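Numbering (this note's numbering), first residue to last: 3 to 68.
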């Protein structure tokens, strides 16, 4: 079992890379939810976060295997 610090690191890394990918044009994929209510909007990047998590898992798996 992994320590809680490692799990927190991975979650924060996924959040950071998801935010960076949205800011630089990777967001707005099918499955990302945008809610506009009373002049304010909420953006929930489910698909973008899933793609970032899968890519990170593949990268970490590759380096751990080497």
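Yeah, the Cβ is synthetic: ideal placement off N, Cα and C, and Gly gets one too. Predicted model only: the values in this text are computed from it and were never measured.
Nearest residue (CA-CA) to residue i, options the options
i	options	result
residue 49	42, 37, 28 and 11	28
residue 47	6, 20, 63 and 9	20
residue 1	5, 7, 6 and 14	A query on residue 1 cannot be resolved here, the shown segment of the chain reaching from 3 to 68 and no further.
residue 53	30, 39, 5 and 41	30
Cβ shell of residue i (< 7 angstroms), same chain only, five flanking positions each side left out
i	result
residue 55	16
residue 24	47 and 50
residue 67	none
residue 36	43 and 45
Contacting residues, own chain, Cβ-Cβ under 6 angstroms from residue i (five flanking each side not counted)
i	result
residue 12	none
Inter-residue Cα distance where the pair is residue i and residue j
i	j	result
residue 62	residue 9	13 angstroms
residue 32	residue 44	16 angstroms
residue 5	residue 22	26 angstroms
Cut-off 8 angstroms between Cβ atoms - residues of its own chain near residue i, not counting five sequence neighbours on either side
i	result
residue 34	45, 46, 47, 48, 49 and 50
Per DSSP, cross-strand counterpart(s) of residue i
i	result
residue 26	Looking at the DSSP assignment, residue 26 forms no beta bridge with any residue, so it has no partner.
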